[in-house]
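Colleague: Numbering (this note's numbering), first residue to last: 2 to 313. All C-beta atoms, glycine included, are put in the ideal place defined by N, C-alpha and C. One structure follows; several queries about it will come next.
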């Protein structure tokens, strides 16, 4: 049911919402800008390659992110919308991050499995942990959104899509990032461990430079992604503080920066987990065409890496 009010006490909230919307637009601009920058690589390394799980995940993460942010902006347009549309928008806002995080978990599992040279034990371990963390996030999201529905508010003539949610449900929704954070910490620790181990083994190897370079590429994108996950998790947990319940300028900036950080983590650094290694592999293939002896890690079609070496 549409809620209508002309109470001047709503004006601070309207001003807060206006400032917050600027950050949503900034998130969309940043994601589209990154997409434009990497579109050439995307055509060459994704669309022109044969269909694989990594290609499908890349496309889903990249383009779902753009559509998600567009829907987010449309939800705040000053136009009348039905309760059914409000419910749909809220469903998209609540579930998209959980689904994208699960996809990124699969990508990260593939990367770490590659770093462990296709070990079945590490693959089983990673899948069990990822499944447990994903189920936990899904269950928390379901419980936190039981009975929650989107509604249209008309405040002093301004149409807004919002949700009727209790403080308990809001707290639970904020805590859904905890399982994903636990997964990312484990993934980072496993990646750091195998990189240190391989670097020690390859220090005395005259043919190990390319493998070291490949692990360096893996770790650079992995660490950047983990830093973004940590920042987003801190912002999400920070929303539980009672001091962030006001409509001050500082609070709107806090939520806005958190929104930008989440967009960068999910929809910019997420797709780059695939692109960075695909680009490195393409450079090695180009070098091999010139007659260079290479050792490469293939992050393409089978869901795990194989180490191959040879001279051309």
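Taking the DSSP output, what are the residues bridged to residue 318?
Modeller: The structure shown does not extend to residue 318, since the chain is modelled only from 2 through 313, so no value can be given for it.
Colleague: Roughly how many angstroms lie between the CA atoms of residue 120 and residue 231, to the nearest whole one?
Modeller: Here residue 120 refers to the residue found at position 119 of the chain shown. Here residue 231 refers to the residue found at position 230 of the chain shown. Cα to Cα, the separation comes out at about 28 angstroms.
Colleague: DSSP has residue 94 in a bridge; who is on the other side?
Modeller: Stepping through the chain shown from its first residue, residue 94 is reached at position 93. DSSP output for residue 94 lists no bridge partner at all.
Colleague: Applying the criterion that 16 or more other CB atoms from any shown protein chain within 10 Å of the CB defines a buried residue, is residue 41 buried or exposed?
Modeller: Position 40 of the chain shown, counting from 1, holds the residue named residue 41. Exposed: under 16 other Cβ atoms inside 10 Å.
Colleague: So, helix, strand or coil for residue 50, using DSSP?
Modeller: Working through the chain shown from its first residue, we reach residue 50 at position 49. Correct three-state label for residue 50: coil.
Colleague: What are the complete alpha helix (DSSP H) segments, minimum 4 residues, inside the region 89-145?
Modeller: Taking only runs of at least 4 residues, the alpha helix (DSSP H) segments lying wholly in the region 89-145 are 121-145.
Colleague: When DSSP labels each residue in this structure, what does residue 18 get in the three-state scheme?
Modeller: For the purposes of this step, residue 18 is identified with residue 17 of the chain shown, where counting begins at 1. Three-state result, residue 18: helix.
Colleague: For residue 6, which of 99, 76, 63 and 161 has the nearest alpha-carbon?
Modeller: If you number the chain shown from 1, residue 6 lands on position 5. Among 99, 76, 63 and 161, the Cα nearest to that of residue 6 is on 161.
Colleague: Out of 252, 73, 275 and 63, state which residue places its alpha-carbon closest to the alpha-carbon of residue 221.
Modeller: Within the chain shown, numbered from 1, the residue matching residue 221 stands at position 220. Checking every option, the nearest Cα to that of residue 221 belongs to 275.
Colleague: Could you check the C-alpha separation between residue 192 and residue 126 for me, to the nearest Å?
Modeller: In the chain shown, counting from the first residue as 1, residue 192 sits at position 191. In the chain shown, counting from the first residue as 1, residue 126 sits at position 125. Approximately 14 angstroms between the Cα atoms of the pair.
Colleague: Could you please give me the residues that DSSP links to residue 284 through a beta bridge?
Modeller: Walking along the chain shown from the start, residue 284 turns up at place 283. Per DSSP, none; premise fails for residue 284.
Colleague: At a cut of 8 angstroms, does the region 167-183 reach the region 133-140 through at least three beta carbon pairs?
Modeller: Touching, yes.
Colleague: Would residue 273 be called buried (16 or more neighbouring beta carbons within 10 Å of its own) or exposed?
Modeller: In the chain shown, the residue the question calls residue 273 occupies position 272. Its Cβ being crowded by 16 or more others within 10 Å, residue 273 is buried.
Colleague: Rounding to the nearest angstrom, what Cα-Cα distance links residue 11 and residue 65 in this structure?
Modeller: On the chain shown, residue 11 is found 10 positions in, with the first residue counted as 1. On the chain shown, residue 65 is found 64 positions in, with the first residue counted as 1. One C-alpha to the other measures close to 33 angstroms.
Colleague: Could you check whether residue 218 and residue 117 sit closer than 7 angstroms to each other, using their CB atoms as the reference points?
Modeller: Taking the first residue of the chain shown as 1, we reach residue 117 at position 116. Taking the first residue of the chain shown as 1, we reach residue 218 at position 217. Taking 7 angstroms as the Cβ cut-off, residue 117 and residue 218 do not qualify as a contacting pair.
Colleague: In its own chain, which residues sit with a C-beta less than 6 angstroms from the C-beta of residue 311, not counting the 5 before and 5 after it?
Modeller: Taking the chain shown and counting its residues from 1, one reaches residue 311 at position 310. Note that residue 311 has pLDDT 30, beneath the 50 cutoff, so the model's placement of it is unreliable and the number below is only indicative. None.
Colleague: Once the 5 residues before and after residue 279 are set aside, which same chain residues still bring their CB inside 6 angstroms of it?
Modeller: Counting from one through the chain shown, the residue named residue 279 turns up at place 278. Answer for residue 279: 46, listed in chain order.
Colleague: How big is the Cα-Cα spacing for residue 130 and residue 187?
Modeller: Taking the chain shown and counting its residues from 1, the one referred to as residue 130 is at position 129. Taking the chain shown and counting its residues from 1, the one referred to as residue 187 is at position 186. C-alpha separation (whole angstroms): 9 angstroms.
Colleague: Would you check if the distance between the CB atom of residue 285 and the CB atom of residue 229 is smaller than 7 angstroms?
Modeller: Translated into the one-based positions of the chain shown, residue 285 becomes position 284. Translated into the one-based positions of the chain shown, residue 229 becomes position 228. The answer is no: Cβ separation not under 7 angstroms.
Colleague: Find the nearest neighbour of residue 75 within the set 93, 62 and 63, judged by alpha-carbon distance.
Modeller: Position 74 of the chain shown holds residue 75. Nearest option by C-alpha distance: 93.
Colleague: Give me, in chain order, the residues of the same chain whose beta-carbon lies closer than 6 angstroms to that of residue 145; leave out the 5 immediate sequence neighbours on both sides.
Modeller: Along the chain shown, one-based indexing puts residue 145 at 144. Taken in chain order, the residues that qualify are 170, 173 and 174.
Colleague: In angstroms, rounded to a whole number, what distance separates the CA positions of residue 32 and residue 107?
Modeller: Counted from its first residue, the chain shown places residue 32 at position 31. Counted from its first residue, the chain shown places residue 107 at position 106. When rounded, the distance between both Cα atoms is 21 angstroms.
Colleague: Does the distance from the CB of residue 18 to the CB of residue 260 come in under 7 angstroms?
Modeller: Walking along the chain shown from the start, residue 18 turns up at place 17. Walking along the chain shown from the start, residue 260 turns up at place 259. Cβ distance not < 7 angstroms, so residue 18 and residue 260 don't count as in contact.
Colleague: Buried or exposed for residue 35, going by 16 or more other Cβ atoms inside 10 Å?
Modeller: Indexing the chain shown from 1 puts residue 35 at position 34. Result: buried.
Colleague: Around the C-beta of residue 184, are 16 or more other C-beta atoms found within 10 angstroms, so that it is buried, or is it exposed?
Modeller: Taking the first residue of the chain shown as position 1, residue 184 is located at position 183. Counting Cβ neighbours within 10 Å, residue 184 comes out buried, since at least 16 surround it.
Colleague: Between 277, 257, 63 and 166, which lies nearest to residue 37 when the distance is taken from Cα to Cα?
Modeller: Within the chain shown, the letter at position 36 stands for residue 37. The shortest C-alpha separation from residue 37 is found at 63.
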